[in-house]
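Just so you know, we're using my numbering here: the sequence shown kicks off at 4 and counts up by one.
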Amino acid sequence: DNRDMATSAPQKPPTNLTVVTVEGCPSFVVLDWKPPENESVTEYKVVSTENGGTAGKDKSIITTNQTHSTVENLKPNTSYEFVVIASNPLGEGPSSESKPFRTESADPRITESISMGKDAIWTEVRFNSDDYSECKGKQYVKRTWYKKFVGVQLCNSLRYKIYLSDSLKGTFYNIGDQRGHGEDHCQFVDSYLDGKTGQMLPSDQLPSKDGYFRAVRQEPVHFGKIGVGTHSTYVHWYECGTTIPGKW
Numbered sequence: 004d005n006r007d008m009a010t011s012a013p014q015k016p017p018t019n020l021t022v023v024t025v026e027g028c029p030s031f032v033v034l035d036w037k038p039p040e041n042e043s044v045t046e047y048k049v050v051s052t053e054n055g056g057t058a059g060k061d062k063s064i065i066t067t068n069q070t071h072s073t074v075e076n077l078k079p080n081t082s083y084e085f086v087v088i089a090s091n092p093l094g095e096g097p098s099s100e101s102k103p104f105r106t107e108s109a110d111p112r113i114t115e116s117i118s119m120g121k122d123a124i125w126t127e128v129r130f131n132s133d134d135y136s137e138c139k140g141k142q143y144v145k146r147t148w149y150k151k152f153v154g155v156q157l158c159n160s161l162r163y164k165i166y167l168s169d170s171l172k173g174t175f176y177n178i179g180d181q182r183g184h185g186e187d188h189c190q191f192v193d194s195y196l197d198g199k200t201g202q203m204l205p206s207d208q209l210p211s212k213d214g215y216f217r218a219v220r221q222e223p224v225h226f227g228k229i230g231v232g233t234h235s236t237y238v239h240w241y242e243c244g245t246t247i248p249g250k251w
């Protein structure tokens, strides 16, 4: 562990600062970043600045030893800038590039027309998936009201693989269906349609995997075994009639 070997404060900034919005919750976001390469870091300072706020009251600072952080109590319909600074016992390093972000209005009548198909819900983030997919394209993530991250990997903007995870850094798992072949999993990408899915194999022809599963739309998911020896099928891809990341 090179943390104890620090000979100077970090010389490089954290990179790849990403803002992941949380659906239906304009007051908080999840920030994610990459540590500076070959630097010993013991702590990160996450600085949120409200644009146009009262001087001195417009900044909030969170410290963490993780490479992600939740920023809470954001005001609706307000513009912010986020930066991250790495530090160790010898001092602070340079600040990351600033990431601007505007929160949504708290009034659903105002944001509904904008947020349907709005790009901000989906954030392009690389994630680790338990691979069972024909889709090898870009990966997008969004946080949902049921405290899970939905990850999609595109075959194209209308066909994609849907995964679920408890954390941005953790494994994104397949979703099993105890009744059907994942048609109702389109709920996870905000589609009210029952989707087309493929390829449809019975559970006893699918490898046993860990994953989330449920039987019907709106039911909470459970975590456990899916595939052979269970009644849960899973699929290579979904078509839900919704384009990701947003409207063309």
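The beta carbon of each residue, even a glycine, is placed where N, CA and C say it ideally should be.
- Per DSSP, the unbroken beta strand (DSSP E) holding F85 starts and ends at 82-91.
- For S99, no beta strand (DSSP E) segment is defined, and its DSSP state is neither H nor E.
- Collapsing the DSSP output to three states places F226 in a strand.
- If you draw a straight line from the Cα of G179 to the Cα of K172, it is about 21 Å long.
- Look at Q181 here: in three-state DSSP terms it is coil, with no helix or strand label.
- In the structure shown, E186 adopts helical secondary structure according to DSSP, grouped into three states.
- The segment 40-49 and the segment 128-143 do not touch, with fewer than three beta-carbon pairs separated by less than 8 Å.
- Looking at the DSSP output, Y47 shares a beta bridge with T67, A89.
- If you draw a straight line from the Cα of G55 to the Cα of K62, it comes to about 11 Å.
- Per DSSP, the unbroken beta strand (DSSP E) holding F152 starts and ends at 152-159.
- The alpha carbon of V153 has as its nearest neighbour, out of V192, R182, S160, the alpha carbon of V192.
- Contact annotation: the segment 199-217 touches the segment 234-241, with at least three C-beta pairs closer than 8 Å.
- In this structure, P248 sits near Y143, with a CB-CB distance shorter than 8 Å.
- Bounds of any beta strand (DSSP E) do not take in V192, whose DSSP letter is neither H nor E.
- DSSP places S206 within a helical segment (H, G or I) once states are collapsed to three.
- In the structure shown, the three-state DSSP call for I165 is strand.
- Within the same chain, and ignoring the five residues on either side of S99 in sequence, the residues whose Cβ sits closer than 8 Å to its Cβ are P16, P17, T18, L20, W36, V86, V87, I88.
- Exclusion of the five residues before and after S90 leaves A12, P13, V44, T45, E46, Y47, K48, G96 as the residues of its chain whose Cβ lies within less than 8 Å of its Cβ.
- Residue environment for S206: buried (at least 16 other C-beta atoms within 10 angstroms of its C-beta).
- When the Cα atoms are used, L209 and G198 turn out to be separated by approximately 20 Å.
- Assignment of beta-bridge partners to V74 by DSSP yields V32.
- L93 is not a Cβ neighbour of P29, given a cutoff of 8 Å.
- For K212, the enclosing beta strand (DSSP E) has its first and last residue at 212-217.
- Proximity to I124 across N41, E107, G230 peaks at E107, based on C-alpha coordinates.
- Looking at the DSSP output, F175 sits in a beta bridge with S132.
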